[in-house]
Amino acid sequence: MVLQRRLMTWCVSVAACSCFGADVFAHEPLTASPSGTSEVRAVVEQDVAWDAIEWTERRYKLEAVGFKARNETGWDWWGSDEVMVGTEDSKGWTVSAELSGVDSGEFYSFEPVRSCIVAVRPGIVVLGKTSVCNEAGEPAPLSFGVELWEKDVVGWRTGFCKTLPPGKGLHAGPHCADDGSGADFIGRARVDLSALDLEAVLPNVGDEHIETVVLSPCPSGEVCSDADLPDYSFTFRVTRVRDARVELRALLDETLHRTGARSELEAIVTGLRSLRAPSPRQVEPNLPR
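Per the numbering used here, the sequence shown runs over residues 933 to 1221.
Right under this line is the structure:
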C-alpha cells in the first residue's frame, strides 16, 4: 500500500506539471538546474519497484459490420458503385476486396468475425475475408480511421500505390483502397472511443455495442462544394472480451523500445503527453438497413 500511494502521488504530480503552464507557478522563479532534475529522477526511479506493479485491465475488439450507400457516386441510373473499404489503427491497416454492385439505399454487410479493425492478428489480412481479431483484445482507448473509395478503371495509373509487408506484431492489407487507377473518393471518418465511452456501453465481459458513423465526402476534411456528393455511412461493432492481467514492467519495456525513451519515467510522461481529446463523431444511432 505504501508503494501504491507513493506511485499515485508521483503520477498526480507528473500529470499536474504536464497540464498547467508556467504562469501558474509565476510566484516562484524557475531556477531548477538540469542536475537537480536528474537527481530527482534517480531518486524516484530507485524508489519504485516497477516489476512489482500489475493490474487487471478491460480489453476490447472492434469489427466492421457494414456500410450503407445513402447516395452512391454520380448518377444513380448510371451503373453501380464498386467499393473498396480501408481501415487503419495504431498497429496497421486492413483493406477489403472490390465490392461490386452497390446502389443507393443498399446496405453491404461484412461477416464481422472476418472483418476485424482493432485487435487484428498480425500479418497480411483482407477485410471481410481473413481479418480475424486476436481474442486477447486491446485496452482502451480505441481509435481507428475508415475510408471508402469507388473503383473506377480509366486505363492508366493516376497515382502511386505501394504496399509494404507489415512489421513484427503488425498487420497490413495486400493492396491499397485507392490503387491509383482513377478511383473516386467516397468518404472517411475517424472514430475515437475513450475508456469512459466503452465502460458506459460495455460494463460486462461479452457485451456488444453497435454504432454507425456518417462519412465525410471531403478528401481534405474541409467543407466540400454543393455538388452531388456521395453519401455513405459505416457501421462497426465493439465487443468487450476477457479482462487481462498486465505487468507494468513489460509495458514499460515495450514503450521504451517503441519511443526511444531513456527511462521509465520518461516513457510514462511520453504516454501522458500523447493523450488527445477525442474528436466528435457524427453518429447515426438508428440506421435502417
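Where is the CB? At the ideal position from N, CA and C, for every residue including glycine. Predicted model, so just to flag it, every value in this text is computed and none were measured.
- Alpha carbon of A1121 to alpha carbon of G1099, nearest angstrom: By one-based count along the sequence shown, residue 1121 stands at place 189. By one-based count along the sequence shown, residue 1099 stands at place 167. Their backbone Cα atoms lie some 25 Å apart in a straight line.
- Item | With 16 other Cβ atoms within 10 Å as the buried cut-off, status of K993 | By one-based count along the sequence shown, residue 993 stands at place 61. Buried, by the Cβ-count rule.
- Message: Within 10 Å of its beta-carbon, does V956 have 16 or more other beta-carbons around it, so buried, or fewer, so exposed?
- Response: Indexing the sequence shown from 1 puts residue 956 at position 24. Confidence in V956 is poor, its pLDDT being 32 and thus under 50, which makes the residue's placement unreliable; the coordinate value appears in the next sentence. When all chains shown are included, V956 counts as exposed.
- Message: Just to confirm the assignment: which complete beta strand (DSSP E) runs, minimum length 3, are found wholly within the stretch 1101–1152?
- Response: 1116–1125, 1140–1146
- Cα-Cα separation, E1070 to F1039: Against the sequence shown, residue 1070 aligns to sequence position 138. Against the sequence shown, residue 1039 aligns to sequence position 107. The alpha-carbon atoms of E1070 and F1039 are separated by roughly 28 Å.
- Query: Are there 16 or more other CB atoms within 10 angstroms of the CB of H1189, so buried, or fewer, so exposed?
  - Reply: Here the question's residue 1189 lines up with position 257 in the sequence shown. By the neighbour-count rule (16 or more Cβ atoms within 10 Å), H1189 is not buried but exposed.
- Do L1183 and D1163 have their C-beta atoms within less than 9 Å of each other? The count along the sequence shown starts at 1 and reaches residue 1183 at position 251. The count along the sequence shown starts at 1 and reaches residue 1163 at position 231. The answer is no: Cβ separation not under 9 Å.
- One or two residues paired with D1035 in a DSSP bridge: In the sequence shown, the residue the question calls residue 1035 occupies position 103. Note: D1035 sits in no beta bridge, so no partner.
- Task: Give the straight-line distance between the Cα atoms of V1145 and F1166, rounded to the nearest whole angstrom.
- Result: Residue 1145 sits at position 213 when you count from the first residue of the sequence shown. Residue 1166 sits at position 234 when you count from the first residue of the sequence shown. The alpha-carbon atoms of V1145 and F1166 are separated by roughly 5 Å.
- Please classify L1080: does DSSP put it in a helix, a strand, or coil? As a first step, residue 1080 is located in the sequence shown; it is residue number 148 there, counting from the start. Three-state DSSP puts L1080 in a strand.
- Pick out the complete alpha helix (DSSP H) segments inside the stretch 1036–1077, 4 residues or longer, and give them in chain order. none
- If we call anything under 9 Å between Cβ atoms a contact, is V1137 one with R1172? The sequence position of residue 1137 within the sequence shown is 205, counting from 1. The sequence position of residue 1172 within the sequence shown is 240, counting from 1. For V1137 and R1172, yes; Cβs fall inside 9 Å.
- As assigned by DSSP and simplified to three states, the class of L1188: Walking along the sequence shown from the start, residue 1188 turns up at place 256. Helix at L1188.
- Query: Just checking, does the stretch 1190–1207 make contact with the stretch 1029–1045 on the three C-beta pairs under 8 Å criterion?
  - Reply: Contact fails: fewer than three Cβ-Cβ distances are below 8 Å.
- Roughly how many whole angstroms lie between the Cα atoms of W987 and H1107? Here residue 987 is taken as the residue at index 55 of the sequence shown, counted from 1. Here residue 1107 is taken as the residue at index 175 of the sequence shown, counted from 1. Going by the C-alpha atoms only, they are around 39 Å apart.
- Query: Expressed to the nearest angstrom, what Euclidean distance is found between the alpha-carbon atoms of L1128 and E989?
  - Reply: On the sequence shown, residue 1128 is found 196 positions in, with the first residue counted as 1. On the sequence shown, residue 989 is found 57 positions in, with the first residue counted as 1. Each residue's alpha carbon lies about 13 Å from the other.
- Query: Can the beta-carbon of G1105 be found less than 9 Å from the beta-carbon of G1018?
  - Reply: One-based indexing of the sequence shown puts residue 1105 at position 173. One-based indexing of the sequence shown puts residue 1018 at position 86. In contact: G1105 and G1018 (Cβ atoms closer than 9 Å).
- Where does V1045 land, buried or exposed, given buried means 16+ other C-beta within 10 angstroms? The sequence position of residue 1045 within the sequence shown is 113, counting from 1. With fewer than 16 Cβ atoms within 10 Å of its Cβ, V1045 is classed as exposed.
- Separation of L1102 from V1058, as counted between CA atoms: Here residue 1058 is taken as the residue at index 126 of the sequence shown, counted from 1. Here residue 1102 is taken as the residue at index 170 of the sequence shown, counted from 1. Whole-angstrom Cα-Cα distance: 14 Å.
- Could you check where the beta strand (DSSP E) with E986 kicks off and where it finishes? As a working mapping, residue 986 is identified with position 54 in the sequence shown. Counting along the chain, the beta strand (DSSP E) containing E986 begins and ends at 986–1003.
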